[in-house]
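As structure tokens, the structure follows; a few thoughts come after it.
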Amino acid sequence: MTANIFTGCIPALMTPCKADRTPDFDALVRKGQELIEAGMSAVVYCGSMGDWPLISDEDRQTGVARLVEAGVPTIVGTGAVNSKIAAEHAAHAQKVGAHGLMVIPRVLSRGTSITAQRAHFAGILNAAPDLPAVIYNSPYYGFATRADLFFDLRKDHKNLVGFKEFGGKDDLRYAAEYITSQSDDVTLMIGVDTTVVHGFVNCGAGGAITGIGNALPKEVLHLVALSQKAATGNAAARVKANELDDALAVLSSFDEGADLVLYYKHLMVLNGDTEYELHFNETDKLSDAQRNYVEQQYALFRAWYKDWSQQPDVLALND
0 MTANIFTGCI PALMTPCKAD RTPDFDALVR KGQELIEAGM SAVVYCGSMG DWPLISDEDR
60 QTGVARLVEA GVPTIVGTGA VNSKIAAEHA AHAQKVGAHG LMVIPRVLSR GTSITAQRAH
120 FAGILNAAPD LPAVIYNSPY YGFATRADLF FDLRKDHKNL VGFKEFGGKD DLRYAAEYIT
180 SQSDDVTLMI GVDTTVVHGF VNCGAGGAIT GIGNALPKEV LHLVALSQKA ATGNAAARVK
240 ANELDDALAV LSSFDEGADL VLYYKHLMVL NGDTEYELHF NETDKLSDAQ RNYVEQQYAL
300 FRAWYKDWSQ QPDVLALND
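Using the numbering used here, the first residue of the sequence shown is number 0, and each one after it goes up by one.
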């Protein structure tokens, strides 16, 4: 077991659809391989970006198995309404040779109960003891894992190696201050695209899980590289990381909203990946205003980055 999978930049894959709105696993694998070739260290499947509530358990496990079989380093999301099914996803991930787990809290039933959440987490971790795992903390799941619960779980589950924080800057700071700074072998993963610089520079993050990186892998990898360099005290890198972060701010902010998959699938279509045009629910679609806005912002960012990335002080920071 190794925690090395939770480093660098890791896109949370979306699930492409066929014309009949069933998962297109061939396209899923192609995109996973393409992103690894671009420099990503691994992929996550099936988290919120993968629409786990909207596809069957069988399809989720097929997607995991196909990615692993294709040689894509894969971290598996364990989201499920039923804790037993969540544990089954973890066990399947270990069986097929996945590389890590992203452990999602119990939802709907007793979701605010610390006792229930501890049992839920323990069941998942027990089901795949050989896979390194991070707990996924997000306000959207209605439960905030705090330091006492995290370290109580760590006493019994050595495969719990880190914490993915999706709650924003303040929550990321809490995780760094009270959880990941307690032990050198606990890693912090940035979970929202708007906090990449803050996470690396101020919170000592070991890696970032990205949504916008599906559509802009080169640019997001550039942001991560600058942020990591800034975290060593490089003042010039910090200035440029903040410039790139600011330019990405609108596109990154979609990661914080309920329509994140709709926005990022549309960006994939703009890139030419037409297999991301459809959603599993026919009524899930951007409004004309939303579509116009994201297209304008995407065009603006791409034009800005083309110019900015060729400036001498930016090029001087490239490895």
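The beta-carbon is built from N, C-alpha and C at its ideal position, and this holds for glycine as well. Please read these numbers as outputs of a predicted model, since none were measured by experiment.
Starting from the Cα of residue i, find the closest Cα among the options and give me that residue.
i	options	result
Ala235	Asp312, Ser180 and Ala214	Asp312
His91	Arg59, Thr193, Ala298 and Val249	Arg59
Ile9	Ala229, Ala18, Arg20 and Gly38	Gly38
Leu319	Ser182, Tyr304, Arg105 and Ala143	The requested residue 319 does not occur in the structure, where the chain is confined to residues 0 to 318.
Arg109	Ala298, Val80, Gly167 and His156	Val80
Arg153	Lys168, Thr186, Gly167 and Phe165	Thr186
Phe5	Arg301, Tyr297, Lys239 and Asp184	Asp184
Asp283	Val293, Ala257 and Phe300	Ala257
Leu266	Ala246, Trp303, Gly232 and Asn213	Asn213
Ile134	Asn280, Met188 and Ser82	Met188
Ala204	Leu171, Val102 and Leu225	Leu171
Leaving out five residues on either side along the sequence, give the residues of the same chain with a beta carbon under 8 Å from the beta carbon of residue i.
i	result
Thr1	Only weak support exists for where Thr1 lies, its pLDDT of 47 falling under 50; the value from the coordinates is given anyway. Only Pro131 meet the Cβ criterion.
Val268	Tyr275 and Glu276
What residues in its chain sit with their C-beta under 6 Å from that of residue i, if we drop five residues either side in the sequence?
i	result
Phe253	Leu259 and Tyr262
Ala89	Thr77, Leu100, Ile123, Ala126 and Ala127
Ile178	Ala146, Phe149 and Phe162
Arg65	Phe24 and Val28
Tell me the residue span of the beta strand (DSSP E) that contains residue i.
i	result
Leu159	Leu159 to Glu164
Tyr135	Ala132 to Asn136
Between which two residues does the alpha helix (DSSP H) containing residue i stretch?
i	result
Asn3	Unbroken run through Asn3: none, as it is neither H nor E.
Thr61	Asp56 to Glu68
Leu314	Pro311 to Leu314
Got a sec? Which residues, its chain only, sit under 7 Å from residue i by beta carbon, not counting five neighbours each side?
i	result
Gly210	Ala11, Met48, Asp192, Asp254, Leu259 and Tyr263
Asn241	Val196
When every heavy atom of the ligand ADP is checked, does at least one fall within less than 7 Å of the C-beta of residue i?
i	result
Met39	Absent from the structure shown: the ligand ADP. Ligands present: none.
Discussion item. Three Cβ pairs or more, each shorter than 8 Å: is that satisfied between the region 94-106 and the region 73-85?
Written reply: yes
Item to complete: Assess, as a yes-or-no matter, whether the region 180-197 is touched by the region 288-299 under the definition of 3 or more beta carbon pairs within less than 8 Å.
Response: no
Worksheet item: Can you list, in chain order, the stretches of the alpha helix (DSSP H) that have 4 or more residues and sit fully within the region 18-45?
Response: 24-37
Discussion item. Does the region 44-57 come into contact with the region 11-19, if we say contact requires no fewer than three beta-carbon pairs (one atom in each stretch) closer than 8 Å?
Written reply: yes
Discussion item. Report the start-end ranges of each alpha helix (DSSP H) in the region 137-225 that is 4 residues or longer and not cut off at the edges.
Written reply: 146-155, 168-177 and 195-202
Item to complete: Could you pull out every unbroken alpha helix (DSSP H) segment of at least 4 residues lying fully inside the region 71-126, listed in chain order?
Response: 82-95 and 113-126
Worksheet item: Can you give, in chain order, each stretch of the alpha helix (DSSP H) that sits fully within the region 270-299 and has at least 4 residues?
Response: none
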